[in-house]
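Visitor: Taking numbering that gives the first Met the number 0, the leading residue of the sequence shown gets 0, the next gets one more, and so forth.
Think of the CB as a built atom: it goes at the ideal place given N, C-alpha and C, for glycine as much as any other residue.
All figures in this text were calculated on a predicted structure; none of them were measured in a lab.
This is the structure I have questions about; it appears just below.
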Amino acid sequence: MNTYELIMKKRNGYALGREEIAYMVDGFTAGRIPDYQMSAFLMAVYFQGMNARETTDLTLSMADSGDRLDLTGIEGIKVDKHSTGGVGDKTSLIIGPVMASLGVPVAKMSGRGLGHTGGTIDKLEGIPGFCTSLSEENFIAQVNRVGFAIAGQTANLAPADKKLYALRDVTATVDSIPLIASSIMSKKLAAGADAIVLDVKTGSGAFMKTLEDARKLASTMVEIGKLAGRKTTAVITDMNEPLGNAVGNILEVQEAALCLRGQGEKRLMEVSRNLAAHMLEAAGRAKNTEDAAGQIQEAVRSGKAFEKMKEFVAAQGGDAECLEDFSRFPKASLSRTITGSMLTKQQENASDWREAYLCECDNQEIGMTSLVLGGGRLTKESAIDLTVGIRLKKHLGDRILPDETVAVLYGNDEERLLEAQKRFVRAYRLSENRPELRPVVYEVIQ
Ligand code: URA
Numbered sequence: 000m001n002t003y004e005l006i007m008k009k010r011n012g013y014a015l016g017r018e019e020i021a022y023m024v025d026g027f028t029a030g031r032i033p034d035y036q037m038s039a040f041l042m043a044v045y046f047q048g049m050n051a052r053e054t055t056d057l058t059l060s061m062a063d064s065g066d067r068l069d070l071t072g073i074e075g076i077k078v079d080k081h082s083t084g085g086v087g088d089k090t091s092l093i094i095g096p097v098m099a100s101l102g103v104p105v106a107k108m109s110g111r112g113l114g115h116t117g118g119t120i121d122k123l124e125g126i127p128g129f130c131t132s133l134s135e136e137n138f139i140a141q142v143n144r145v146g147f148a149i150a151g152q153t154a155n156l157a158p159a160d161k162k163l164y165a166l167r168d169v170t171a172t173v174d175s176i177p178l179i180a181s182s183i184m185s186k187k188l189a190a191g192a193d194a195i196v197l198d199v200k201t202g203s204g205a206f207m208k209t210l211e212d213a214r215k216l217a218s219t220m221v222e223i224g225k226l227a228g229r230k231t232t233a234v235i236t237d238m239n240e241p242l243g244n245a246v247g248n249i250l251e252v253q254e255a256a257l258c259l260r261g262q263g264e265k266r267l268m269e270v271s272r273n274l275a276a277h278m279l280e281a282a283g284r285a286k287n288t289e290d291a292a293g294q295i296q297e298a299v300r301s302g303k304a305f306e307k308m309k310e311f312v313a314a315q316g317g318d319a320e321c322l323e324d325f326s327r328f329p330k331a332s333l334s335r336t337i338t339g340s341m342l343t344k345q346q347e348n349a350s351d352w353r354e355a356y357l358c359e360c361d362n363q364e365i366g367m368t369s370l371v372l373g374g375g376r377l378t379k380e381s382a383i384d385l386t387v388g389i390r391l392k393k394h395l396g397d398r399i400l401p402d403e404t405v406a407v408l409y410g411n412d413e414e415r416l417l418e419a420q421k422r423f424v425r426a427y428r429l430s431e432n433r434p435e436l437r438p439v440v441y442e443v444i445q
């Protein structure tokens, strides 16, 4: 067996055996297979796909590439949550404190941004002092004490995924069902939770652009979870526009705090409530969906979830006062306001319209707008700027007046801001009539 032949076998469309997959995963993790050969292999998988058996073998090889976390030291049913990646998706920062305030322990391993999408670890690093690397012992102790901890993947938890994730991020090999399913499920299996709730995004800002592909990805992951003896639920949710009002690391932490202070944007709260309800049910803490929804609403209304967020931030060394006083966060030095007329100028015939509505959004472009501002990585070595991003004042279906602010872009570099502005205004399509809105939660696969 050698790497060259395995790349060629996959490139030519053949299925690989369990040992062949393990050879690639182990060789790459140990540094015997270099990045350039693994990149070629990933691209071959991207184009040729993998069957269900190969995907499961890949997942298990990745899960076994390092240690598995032992969460038996935490009492109760541990439920984990993971999103397939979106733009403005800060639901983990909302759901974790809600769950913990309701007595459901959440021990969460999170990732960094991937492609045009954001990552929870990058977001949390925007909080001054916040530490995302915890030893296993401290991680478990914090979940027992506070009810909630988030850590970056430790060096030895699914290290194959850690290396592959960083390589996929910069080689345009993210949006592949076997690669996403194995990446997510290998981490979740290694991280040891009893039950897993997956947020599978679909739409222009998701890796799965169609509902059909999202269903395939969801079913693949639910099947892997079942084979591994973990109760797994997948909720398919909309990603045809950013989720909530903020895109960008620090801006998203601020928005999550606002949500727990009772000022959450409608769609963001609906997705968060839905995922949290499935987590409560999986933990055996809700009689039914209505019961779960009532408990979640009360956790936010009473302020308990927000208090839990502060406790969690302080436990990981972060400045919890930031969550009440946003002036304590570092800020971008430049901003650019996008008005309604800047968007209408991009549309043909718009000068004849009586009214204009936001109708469609190329949400991947919105993610790329944040990335070019400096909020994401173009190479493995890129440092990201946590202060930059976008604040949205309008959403799909909203009427747009020429002088109204649609969004504000934040950056630290004039040239990047100009490029971001060009991308942003081209990302929206307007219509003369109010468009029909899509649901934010499509379906649940169990
Ligand atoms: N999240 C992950 O952890 N991996 C992916 O491949 C996509 C989203």
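Note down, in chain order, each residue of its chain lying with its Cβ closer than 6 Å to the Cβ of F305, except the 5 sequence neighbours on either side.
Guide: L259, R260
Visitor: Measuring alpha carbon to alpha carbon, tell me which of M367, Q420, F423 ends up nearest T116.
Guide: M367
Visitor: Where does A355 fall in DSSP's three states?
Guide: coil
Visitor: Over the uninterrupted beta strand (DSSP E) stretch that includes M108, give me the two end residues.
Guide: 105 to 109
Visitor: When you compare each of K8, F147, D25 to Q315 by their alpha carbons, which one comes out closest?
Guide: Residue F147 is the option with its Cα nearest to Q315.
Visitor: Please indicate yes or no: does the CB of L113 lie closer than 7 Å to some heavy atom of the ligand URA?
Guide: yes
Visitor: Starting from the Cα of G125, find the closest Cα among E251, E135, Y409 and give me that residue.
Guide: E251
Visitor: Quick check on the DSSP output: the beta strand (DSSP E) that includes K80 runs from which residue to which?
Guide: 78 to 82
Visitor: Can you tell me whether D66 is helix, strand or coil according to DSSP?
Guide: strand
Visitor: Kindly confirm or deny that the segment 417 to 429 and the segment 274 to 289 touch, where touching means at least three C-beta pairs closer than 8 Å.
Guide: no
Visitor: Could you work out which residue in Q345, S369, D237, A349 is closest to S466 when comparing CA atoms only?
Guide: Outside the shown range of the chain, which is 0 to 445, sits residue 466, and nothing can be said about it.
Visitor: Between G388, I139, R376, which lies nearest to G75 when the distance is taken from Cα to Cα?
Guide: Nearest option by C-alpha distance: I139.
Visitor: With DSSP run on the structure shown, which of helix, strand or coil describes G26?
Guide: G26: helix per DSSP, three-state reduction.
Visitor: Among L156, N143, G114, which has the Cα closest to the Cα of S132?
Guide: Comparing Cα positions, the closest option is L156.
Visitor: Answer with buried or exposed for K330, where buried requires no fewer than 16 other C-beta atoms within 10 angstroms of its C-beta.
Guide: exposed
Visitor: Answer yes if the segment 90 to 99 comes into contact with the segment 50 to 67, meaning at least three C-beta pairs across the two stretches below 8 Å, and no otherwise.
Guide: no
Visitor: Quick one: is P470 buried, meaning 16 or more other Cβ sit within 10 Å of its Cβ, or exposed?
Guide: Residue 470 lies beyond the stretch modelled for the chain, which goes from 0 to 445, so this question has no answer here.
Visitor: According to DSSP, is Y13 part of a helix, a strand, or is it coil?
Guide: coil
Visitor: Write down the C-beta distance between I389 and G339 rounded to the nearest angstrom, noting that I regard them as a contact closer than 8 Å.
Guide: Going by Cβ atoms, the distance from I389 to G339 rounds to 16 Å, so no, they are not a contact pair.
Visitor: Does the pairing of the segment 66 to 73 with the segment 21 to 34 give three or more beta-carbon distances under 8 Å?
Guide: Touching, no.
Visitor: Kindly list the residues whose CB is nearer than 6 Å to the CB of Q141, restricted to its own chain and excluding five residues on each side of it in sequence; keep chain order.
Guide: Result list for Q141: A148, A314, in chain order.
Visitor: If I follow the unbroken beta strand (DSSP E) through G366, where does it start and stop?
Guide: No beta strand (DSSP E) contains G366, which is instead part of the alpha helix (DSSP H) from 362 to 369.
Visitor: Confirm the yes/no value for this check: CB of V173, any heavy atom of the ligand URA, distance under 7 Å.
Guide: yes
Visitor: Return the CA-CA distance between G128 and G373, expressed in angstroms with no decimal places.
Guide: 21 Å
Visitor: So who's on the other strand from A444, going by DSSP bridges?
Guide: It is worth fixing the name first, because residue 444 is Ile in this sequence and not Ala. Looking at the DSSP assignment, I444 forms a beta bridge with A233.
Visitor: Return the CA-CA distance between Q47 and Y13, expressed in angstroms with no decimal places.
Guide: Approximately 8 Å, taken between the alpha carbons.
Visitor: So is the beta-carbon of S182 under 7 Å away from any non-hydrogen atom of the ligand URA?
Guide: Yes, the Cβ of S182 comes within 7 Å of a heavy atom of the ligand URA.
Visitor: According to DSSP, is D397 part of a helix, a strand, or is it coil?
Guide: Residue state, collapsed to three classes: coil.
Visitor: Is it right to say P438 is buried, meaning 16 or more other beta carbons lie within 10 angstroms of its own, or is it exposed?
Guide: exposed
Visitor: So the candidates are T378, L274, G85, F311; which of them puts its Cα closest to the Cα of Q296?
Guide: L274
Visitor: Specify the secondary structure class of A245 as computed by DSSP and reduced to three states.
Guide: If DSSP states are grouped into helix, strand and coil, A245 belongs with the strands.
Visitor: Give the single residue among G87, E435, M220 whose Cα lies nearest to the Cα of D397.
Guide: E435
Visitor: How many whole angstroms separate the CB atoms of T236 and V270, which I take to be in contact at a CB cut-off of 8 Å?
Guide: 5 Å
Visitor: Ignore the nearest five residues each way along the sequence and tell me which others in A43's own chain have a CB closer than 7 Å to its CB.
Guide: I6, K9, R10
Visitor: Can you give the Cα-Cα distance for A62 and S82, rounded to whole angstroms?
Guide: 18 Å
Visitor: Where R17 and N50 are concerned, what is the direct C-alpha to C-alpha distance, given to the nearest angstrom?
Guide: 12 Å
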